[in-house]
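Student: Sequence positions in the sequence shown follow the UniProt record's numbering and run 1 to 271.
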Amino acid sequence: MATYAIGDLQGCHAEFVELLERLDFNPRHDRLWLAGDLVNRGPASLACLREVMALGDAAEVVLGNHDLHLLAVARGGARLKRRDTLSEILEAPDSDVLLDWLQVRPLLVRQGDTLMSHAGIPPQWSLEQAEECAREVEAMLRSEASGGFFEHMYGNRPRRYKPGQEGVDRLRAIVNTLTRMRFIDSEGRLDFDAKEGLECAPDGYAPWFQYPRDDDPRLLFGHWAALEGTTPASRVRAEALDTGCVWGGSLTALNLDSATRISVSSHQARQ
1 MATYAIGDLQ GCHAEFVELL ERLDFNPRHD RLWLAGDLVN RGPASLACLR
51 EVMALGDAAE VVLGNHDLHL LAVARGGARL KRRDTLSEIL EAPDSDVLLD
101 WLQVRPLLVR QGDTLMSHAG IPPQWSLEQA EECAREVEAM LRSEASGGFF
151 EHMYGNRPRR YKPGQEGVDR LRAIVNTLTR MRFIDSEGRL DFDAKEGLEC
201 APDGYAPWFQ YPRDDDPRLL FGHWAALEGT TPASRVRAEA LDTGCVWGGS
251 LTALNLDSAT RISVSSHQAR Q
């Protein structure tokens, strides 16, 4: 039995199937951790959702910002953007089943001292706090009131989570931290503009994994394709999983037991 963590699929279904074949993945014995953003930008988001859902309990999935965007569009809280490739999901005959399944995925999974969320865990949060915050948003997503939440999910304020926050501001701060975080300052404020490599860090900001923690968990995350699967100068045990398949890079699986990586190149790069 092996457990693999895989970064952002973003509709790269052919590469996902090829990677599973390379791993000789057997859902009866092996397990997958998927770091979110199953959909959008790539050519086969519908196929990715169906493939992952069919894996059942063999796959642990966390929600990414693109997954939440799909849900917001489907539930009437947002509109499609020009570059979105989500229409085939919204128009599919099994759309309701897929969306209902996606909406009850967690924002964070944990096994012992190993945690995975889409964008990472800020150093200001303990593991217990991260779990509590994730469960709070998950409860909202599972409730009948979640449709209203999607209408207010978007926004860059507040820029950091504070324990005393309430209402929509609190939930938005949690979502932004777990699904959009890249650069932060020493107090945990998020920058939402810089999305490329480390060289574009704003003054006073650094990648979240370059700040020390008081504990030593293993933190798995996707979201940041420009890192190309690396975490330079990291001061925590952070492992980047997104290697930019949808942008012509590769799709990568990390064996959580052996720490070895197996990748397949983007089909776009082969054309």
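A virtual CB, placed ideally from N, CA and C, is assigned to each residue, including glycine.
Which whole-angstrom value describes the C-beta separation of residue 53 and residue 29, a residue pair presumed to lie in contact below a C-beta threshold of 8 Å?
Tutor: Actually they are not in contact, since the Cβ atoms of residue 53 and residue 29 sit about 19 Å apart, beyond 8 Å.
Student: Would you check if the distance between the CB atom of residue 246 and the CB atom of residue 76 is smaller than 8 Å?
Tutor: Cβ distance not < 8 Å, so residue 246 and residue 76 don't count as in contact.
Student: Return the residue from the list 83, 152, 78 and 97 that minimises the CA-CA distance to residue 50.
Tutor: 97
Student: Under a three-way DSSP split, which group does residue 181 fall into?
Tutor: coil
Student: Any contact between the segment 100-113 and the segment 131-150? By contact I mean 3 or more CB pairs, one from each, below 8 Å.
Tutor: Touching, yes.
Student: Under the three-state reduction of DSSP, which class applies to residue 86: helix, strand or coil?
Tutor: coil
Student: Among residues of its own chain, excluding the 5 on either side of residue 193, which ones have a beta-carbon nearer than 8 Å to its beta-carbon?
Tutor: 202, listed in sequence order.
Student: Hey, would you say residue 213 sits closer than 8 Å to residue 236, going by beta carbons?
Tutor: Taking 8 Å as the Cβ cut-off, residue 213 and residue 236 qualify as a contacting pair.
Student: Going by C-alpha to C-alpha distance, which of 227, 238, 209 and 206 sits closest to residue 218?
Tutor: Measuring C-alpha to C-alpha distances from residue 218 to each of 227, 238, 209 and 206 identifies 238 as the nearest.
Student: Would you check if there are 3 or more beta carbon pairs closer than 8 Å linking the segment 174-184 to the segment 61-78?
Tutor: yes
Student: What's the gap between the Cα of residue 82 and the Cα of residue 215?
Tutor: 42 Å
Student: So residue 291 is in the alpha helix (DSSP H); what residue range does that whole segment cover?
Tutor: Summary: the structure shown does not reach residue 291, with the chain confined to residues 1 through 271, and so no result is reported for it.
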